[in-house]
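Student:
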Amino acid sequence: MIAFQVPRAVGASRRVDLERGTVLKPKTQTLNPMTTLMIIETELAQTLGDPARRTYTAAALDVAIAGALSDLRQAAGQPLALAGLEGAAETTLSTAELRMLVLGAAALALLTRAAARSETTDLSNQIPADLFRLAEDFSRRFEAGLRRVQAAYGQRSDAPPYSPWDEPG
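The sequence shown begins at 11 in our numbering and counts up one residue at a time.
(1) Three-state secondary structure (DSSP) at residue 99?
(2) Using the beta-carbon count (16 or more within 10 Å), is residue 59 buried or exposed?
(3) Among 109, 116 and 137, which residue has its Cα nearest to the Cα of residue 124?
(4) Curious, which full-length beta strand (DSSP E) runs of at least 3 residues does the region 55-113 contain?
(5) Figure out for me which residue from 47, 95, 100 and 110 has the closest Cα to the Cα of residue 85.
(6) Quick check on this structure: which residue in 95, 158, 64 and 87 has the alpha carbon closest to the alpha carbon of residue 50?
(7) Measure the CB-CB distance between residue 57 and residue 112 and report whether it falls below 8 angstroms.
(8) Return helix, strand or coil for residue 128, following the three-state DSSP convention.
(9) Can you tell me the Cα-Cα spacing of residue 101 and residue 164, whole angstroms?
(10) To which residues of the same chain is residue 83 closer than 6 angstroms at the C-beta, ignoring the five residues directly before and after it?
(11) Quick one, are the C-beta atoms of residue 118 and residue 103 less than 8 angstroms apart?
(12) Of all the CB atoms in chain C, is at least one closer than 8 angstroms to the CB of residue 93?
(13) Take residue 68 and list the residues in its own chain whose beta-carbon comes closer than 8 angstroms to its own, dropping the five residues that flank it on each side.
(14) Measuring alpha carbon to alpha carbon, tell me which residue in 98, 159 and 142 is nearest residue 76.
(15) Is it the case that the Cβ atoms of residue 145 and residue 121 are separated by a distance below 8 angstroms?
(16) In or out: residue 115 buried (at least 16 other Cβ within 10 Å) or exposed?
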């Protein structure tokens, strides 16, 4: 279980609680823009079993986080942001979405490492296969979360392509 303390929604115009399927009122808090990114980097490094960051650099983690955030944005149909990443000053992700972000970033980081390791000499060829299997597990969990995000945002959106139909009248 990934557990960390980050505001449920910071500066968001509208938020959706994925666990309850309800729209949340925005909370506005002033944070150091790097705080949220650093928290996610730390959680991601721990999830990858590299808390000392000997295997994954901050730059590699950030690339994986950005890739997972892009997938979340596409599923939500919203311009979601993570403070400290891509110049964002505030975080517009719920706690559940932040947990999903870590899962997606872990999958991407593991896939990148597995691809790099597949070209190295390993007599048993076990390490890349294990990394690919682990990445597949994280990907499966992330994709299930993306479907929940798409459904939650789609049910409550006022804007196309998810907006409600006008009643004939």
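All C-beta atoms, glycine included, are put in the ideal place defined by N, C-alpha and C.
Tutor: If we stick to the structure as given:
(1) coil
(2) exposed
(3) Of 109, 116 and 137, the smallest CA-CA separation from residue 124 is found for 137.
(4) Here no run is fully enclosed.
(5) 110
(6) 95
(7) yes
(8) coil
(9) 20 angstroms
(10) 90, listed in sequence order.
(11) no
(12) Judged by its chain identifiers, the structure shown contains no chain C, having just a single protein chain.
(13) Contacts found: 51.
(14) 98
(15) yes
(16) Result: buried.
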